[in-house]
Amino acid sequence: MKTRKLTTLGLSVALALILSYVESLLPPLVAVPGVKVGLPNVVILFLLYRYGWKEAGCLSLIRLVLSAALFTGFVAFFYGLAGAILSLTGAALLKKSGRFSPLGVSAAGGVLHNLGQIALAAFVLDSGYIFAYLPVLLLSGTVAGAMVGLLAGILIQRTDVR
Amino acid sequence: MNHDRKKIAPKRGDIVLIVGCLLATLICCGLWLLIRRDGAAVIVEQAGKETARYALDENRTVRIEGQGGYNLLVIEGGEAWLSEADCPNLLCVKTGKIRYGGQSIVCLPHRLAVRIVGGASALDAVTGP
Numbered sequence: 616m617k618t619r620k621l622t623t624l625g626l627s628v629a630l631a632l633i634l635s636y637v638e639s640l641l642p643p644l645v646a647v648p649g650v651k652v653g654l655p656n657v658v659i660l661f662l663l664y665r666y667g668w669k670e671a672g673c674l675s676l677i678r679l680v681l682s683a684a685l686f687t688g689f690v691a692f693f694y695g696l697a698g699a700i701l702s703l704t705g706a707a708l709l710k711k712s713g714r715f716s717p718l719g720v721s722a723a724g725g726v727l728h729n730l731g732q733i734a735l736a737a738f739v740l741d742s743g744y745i746f747a748y749l750p751v752l753l754l755s756g757t758v759a760g761a762m763v764g765l766l767a768g769i770l771i772q773r774t775d776v777r
Numbered sequence: 008m009n010h011d012r013k014k015i016a017p018k019r020g021d022i023v024l025i026v027g028c029l030l031a032t033l034i035c036c037g038l039w040l041l042i043r044r045d046g047a048a049v050i051v052e053q054a055g056k057e058t059a060r061y062a063l064d065e066n067r068t069v070r071i072e073g074q075g076g077y078n079l080l081v082i083e084g085g086e087a088w089l090s091e092a093d094c095p096n097l098l099c100v101k102t103g104k105i106r107y108g109g110q111s112i113v114c115l116p117h118r119l120a121v122r123i124v125g126g127a128s129a130l131d132a133v134t135g136p
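Listed in order, the protein sequences are those of chains A and B. Positions 616 to 777 (my numbering) are the ones given, in order, by the first sequence. Positions 8 to 136 (my numbering) are the ones given, in order, by the second sequence.
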């Protein structure tokens, strides 16, 4: 059982990292930084459901460090971290409440992720930025999060081996 | 198996949550339409550092040379936009015209950001010119 978990976690890191890379290859849809699908979150959400928030949090942090070192860079790391802390905390709490499926948990996670990033952006840039891009980031967070949630839901359902 | 499917299926809470997020989007959209103000100046940032600042009410065309290429900035009639660039995806050109404080155009390949400041919001009206 322990070996199985170790293997799953190792594979998850590799998978999340590859998905980060795949996503960095996709052309951005709109020129607003922060609007993206968040494919690696499928794996993070999967771990959140399969194991728990600690495992999901570790994966999220490791992925951030690695993808920052390999693809995105130093600044993106802090934006990613701000988003990840907020979204994982929110997602873990919502999941614990038992009233939501991965779909809702992930949609809220997507929104919280973007809120975390825009809060940091407002701190670094200026406050006007918040008001101009909050609607875009809220919408993209909801839609992207819901898509990730649907995907992860299917994955969680189909890999139910214990 | 059936039991698990039930556990994963979308719940009423999901719909409430998603509708709530979409409502929040609409409210923020309305708020932005209410508080947005014409900007005063255009700031050019390259690699995170401000390299130029132009008044928004003076018409001009500037060629911005930067890492990896150029972008052509046009300021006309209180609006700013990038009319031309040699970046691969031309998202900066497609972003279109901006005129309100807080709006920005980003060209990631050239690490360029063009932002409008001044009169952004109630907050900036207190501190800004």
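We treat Cβ as the ideally placed atom computed from N, Cα and C, and that holds for glycine. Being a predicted model, the structure only gives us computed values, none of them experimental.
Check, Outcome
"Should A:Tyr694 be flagged as near chain B, meaning a C-beta pair shorter than 9 Å?", "no"
"Is it buried or exposed, B:Asp93, if we count other Cβ atoms within 10 angstroms and call 16 or more buried?", "exposed"
"Quick check on DSSP: helix, strand or coil for A:Gly756?", "helix"
"In whole angstroms, what is the alpha-carbon distance linking A:Gly725 and A:Leu752?", "9 Å"
"Taking the alpha carbon of B:Glu83 as the point to measure from, which residue in B:Glu52, B:Val100 and B:Glu65 has its own alpha carbon closest?", "B:Glu65"
"Which residues of chain A have a Cβ atom closer than 7 Å to the Cβ of B:Asp21, listed in chain order?", "Phe715, Ser716, Leu718 and Gly719"
"So which of A:Phe715, A:Ala697, A:Gly688 and A:Val690 has the shortest CA-CA distance to A:Ser675?", "A:Ala697"
"Return the Cβ separation of A:Ala684 and A:Ile659 in integer angstroms, given the expectation that the two are a contact with Cβ distance under 8 Å.", "The Cβ separation is near 18 Å, so there is no contact."
"Cβ of B:Val121 within 9 Å of Cβ of B:Glu52?", "yes"
"If you measure between the beta carbons of B:Ile42 and B:Ala87, is that distance less than 9 Å?", "no"
"Is it a yes or a no for the segment 715-731 of chain A touching the segment 13-33 of chain B, going by three-plus beta-carbon pairs under 8 Å?", "yes"
"If the criterion is Cβ atoms closer than 9 Å, does the pair A:Leu624 and A:Tyr666 meet it?", "yes"
"If I follow the unbroken alpha helix (DSSP H) through B:Gln74, where does it start and stop?", "Run containing B:Gln74: none; DSSP gives neither H nor E here."
"Just reading off the alpha helix (DSSP H) that A:Tyr664 is part of, what are its end residues?", "Pro655 to Arg665"
"Give the straight-line distance between the Cα atoms of A:Ala767 and A:Glu670, rounded to the nearest whole angstrom.", "16 Å"
"At a Cβ threshold of 9 Å, is B:Thr32 touching chain A?", "yes"
"Out of A:Ala759, A:Pro655, A:Leu709 and A:Arg619, which one is the CA nearest neighbour of A:Asn729?", "A:Ala759"
"Going by DSSP in three states, B:Val121 sits in which element: helix, strand or coil?", "strand"
"To the nearest angstrom, how far is it from the Cα of A:Thr618 to the Cα of B:Gly73?", "51 Å"
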